[in-house]
Amino acid sequence: MKRKNILVFPCGSEIGLEIQRSLQYSVHINLFGASSIDDHCRYVCKNYISDLPFFDRPDFISCLKKVIVKYKIAAVYPAMDQVVAKLSMHEEELGCKVIGSPKTTTKICLSKLETYRVLDGKVLLPKLYESIRNIKSYPVFMKPDIGYGSRGAKVIQTPEEARQHLNNFPMSMILEYLPGKEYTIDCFTDKRNRLLFVGPRERARITNGISVNTVPVQTNKERFFQFAERITNFIQFRGAWFFQVKENSNGDLVLLEVACRMGGSSGLFRNLGVNFALLSIFDAFGHEVEIFPNRYKIELDRALNNRYKIAIDFSHVYVDFDDCIIINGEINIELISFLYKCINENKRIILITKHAKNLHRSLGYFRLKSLFDEIIHLKGNQDKWRYITNLNSIFIDDSFKERKDVHKELKIPVFSPDAVESLL
442 MKRKNILVFP CGSEIGLEIQ RSLQYSVHIN LFGASSIDDH CRYVCKNYIS DLPFFDRPDF
502 ISCLKKVIVK YKIAAVYPAM DQVVAKLSMH EEELGCKVIG SPKTTTKICL SKLETYRVLD
562 GKVLLPKLYE SIRNIKSYPV FMKPDIGYGS RGAKVIQTPE EARQHLNNFP MSMILEYLPG
622 KEYTIDCFTD KRNRLLFVGP RERARITNGI SVNTVPVQTN KERFFQFAER ITNFIQFRGA
682 WFFQVKENSN GDLVLLEVAC RMGGSSGLFR NLGVNFALLS IFDAFGHEVE IFPNRYKIEL
742 DRALNNRYKI AIDFSHVYVD FDDCIIINGE INIELISFLY KCINENKRII LITKHAKNLH
802 RSLGYFRLKS LFDEIIHLKG NQDKWRYITN LNSIFIDDSF KERKDVHKEL KIPVFSPDAV
862 ESLL
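Quick note: the sequence shown, position 72, residue 513 per the working numbering, numbers continuous.
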């Protein structure tokens, strides 16, 4: 496929960030990210566009179209349910592809009630109560008809709690409470309407509606495939999509929702070889795709991650060896990653060390001989600051005294190994 400019919006959502992780190394794609607010996307996307209006603003489509024309965007990859539906309705007006399912499907999947209506009698659905008066026993589960994550979703224990929740979220559905395990099933349907992949995974730990610990289901997978096939008999998908189910008290799978986008934790299967975002783009541009996942065991656990923008400019890096590049007899992978980033940016790397052993042999043992532009091997109590000749530099060392001396004498930024993350 010829290299394409692909725009992810909103790029800072959990889905948007997973799409970026999926596409960042593809030689077939120039990746752009856009957002309506300055969020995490600006830390991770090189081609970041910050000033698009919110998707529900009247001028959103016209402003998005200007971005598409300016950056020669071949396709927009929507990364939120309501944006998926909005862009699919305006694909022709935008003048580029919108990655995803047909607009009829996006409309169905946007509303849980509409999804239940289409699939009523085709798959097992949760019991739906018309009002609080119809509830015969508690707990029940309440969630908005249109929404995502855990916003407005709650297990309700009493009629008083139900009334209060309806006051706060008046568009909530009242559903039977399902006590069993919960699963997300990541799927892919190609341009020929073939269901090429069905990947069930257990939502082992959930935070704010996001599956932050998830593992592939290893047994009885056929029931998930059959469930997916029944859905596709009545709803037409294109590319990545997923559905969520939960077991009732009998262990039967009951549908929670269907979404015509990739799941935020679908990176679990990406790391088994199923890159949903890249597959969806290739399929959208008419290419034949094939899927073959690896079979090893894998578990995904997610947590907040740190990214930084640091306001310094430097051309040289002076870096220590013992307890810095090498810690406890192992290579400091994060620091080495930063040094290779510096190589990409044509910065000069100088090793400055008091290594007591044969330095040439130690560098060879760790395969680091060709990493440095210069090596300064000091003896005894020589002060490192005296050998730093370029002041457009930074200094990385585990020693507090060395860092203090360099900062005091040369007034350049100094970093301990734990602070290197701010440089990446």
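Every residue, glycine too, gets a C-beta built ideally from N, C-alpha and C. All values derive from a computational prediction rather than experimental measurement.
- Less than 8 Å separates the beta-carbon of Tyr557 from that of Leu566.
- Per DSSP, Cys550 is not a residue of any beta strand (DSSP E); the alpha helix (DSSP H) it occupies stretches across Lys544 to Leu551.
- DSSP places Phe856 in the strand class (E or B) of the three-state scheme.
- Under the criterion of beta carbons closer than 8 Å, Lys788 and Ser840 do not qualify as touching, at roughly 22 Å.
- Three or more beta-carbon pairs separated by less than 8 Å are not found between the segment 660-673 and the segment 526-543, which leaves the two stretches without contact.
- The segment 753-768 makes contact with the segment 790-810: 3 or more CB pairs, one atom from each, lie closer than 8 Å.
- Classified as buried, Tyr518 has 16 or more neighbouring CB atoms from the shown chains inside 10 Å of its CB.
- By the C-beta density criterion, Gly821 is exposed, having fewer than 16 other C-beta atoms within 10 angstroms.
- Spanning the alpha carbons of Tyr512 and Arg498 requires a straight line of approximately 22 Å.
- Of the candidates Gly805, Ile766, Asn609 and Val699, the residue whose Cα lies closest to the Cα of Thr673 is Val699.
- Looking at the backbone, the Cα of Val847 and that of Lys798 are separated by about 24 Å.
- For the segment 504-588, the full-length alpha helix (DSSP H) segments reaching 4 residues or more read 522-530, 532-535, 544-551 and 553-560 along the chain.
- Looking from the CA of Ala725, the closest CA among Ser542, Phe496 and Glu533 belongs to Ser542.
- Take Asn735, set aside five residues on each side of it, and the residues of its chain with a beta-carbon closer than 8 Å to its own are Leu713 and Gly714, in chain order.
- When C-beta atoms of the segment 652-661 are compared with those of the segment 603-621, fewer than three pairs fall below 8 Å, so the two segments do not count as touching.
- Comparing C-alpha distances from Leu528 to each of Phe779, Ile768, Tyr749 and Ile502 shows the shortest one belongs to Ile502.
- In the DSSP assignment, Phe683 forms a beta bridge with Asp627 and Ala700.
- By the criterion of a C-beta distance shorter than 7 Å, Gln465 is surrounded in its chain by Leu472, once the five residues flanking it on both sides are discounted.
- Residue Tyr749 holds the alpha-carbon nearest to the alpha-carbon of Tyr484 among Tyr749, Ile651, Ala594 and Asp693.
- DSSP, read as helix, strand or coil, puts Tyr489 in strand.
- For Asn608, the enclosing alpha helix (DSSP H) stretches over residues Pro600 to Asn609.
- Val653 carries a strand assignment under DSSP once its states are collapsed to helix, strand and coil.
- Straight through space, the alpha carbons of Lys584 and Gln598 are spaced by roughly 14 Å.
- Shown here, Thr673 sits in a helix according to DSSP, grouped into three states.
- The C-alpha of Ile576 lies about 20 Å from the C-alpha of Lys687.
- Rounded to whole angstroms, the separation of the alpha carbons of Leu637 and Gly704 is 16 Å.
- For Ser613, the CB contacts under 7 Å within the same chain, skipping 5 residues up- and downstream, are Met583, Lys584, Pro585, Gly593, His606 and Leu607 in chain order.
- Counting along the chain, Tyr806 sits inside the alpha helix (DSSP H) bounded by residues Leu800 to Tyr806.
- About 5 Å separates the CB atoms of Pro854 and Ile835; that is less than 8 Å, so the two are in contact.
- Annotation: the continuous beta strand (DSSP E) that includes Ser834 extends over Ser834 to Ile837.
- Secondary structure at His848: helix, using DSSP grouped into helix, strand and coil.
- The Cβ atoms of Ser863 and Ile751 lie closer than 8 Å to each other.
- The alpha carbon of Arg679 has as its nearest neighbour, out of Val564, Glu771, Thr546 and Lys622, the alpha carbon of Thr546.
- Rounded to the nearest whole angstrom, the C-alpha separation of Asn785 and Ile837 is 19 Å.
- Taken through DSSP and simplified to helix, strand or coil, Leu637 comes out as strand.
- With contacts defined as CB atoms closer than 8 Å, Ala520 and Ile447 fail to qualify as a contacting pair.
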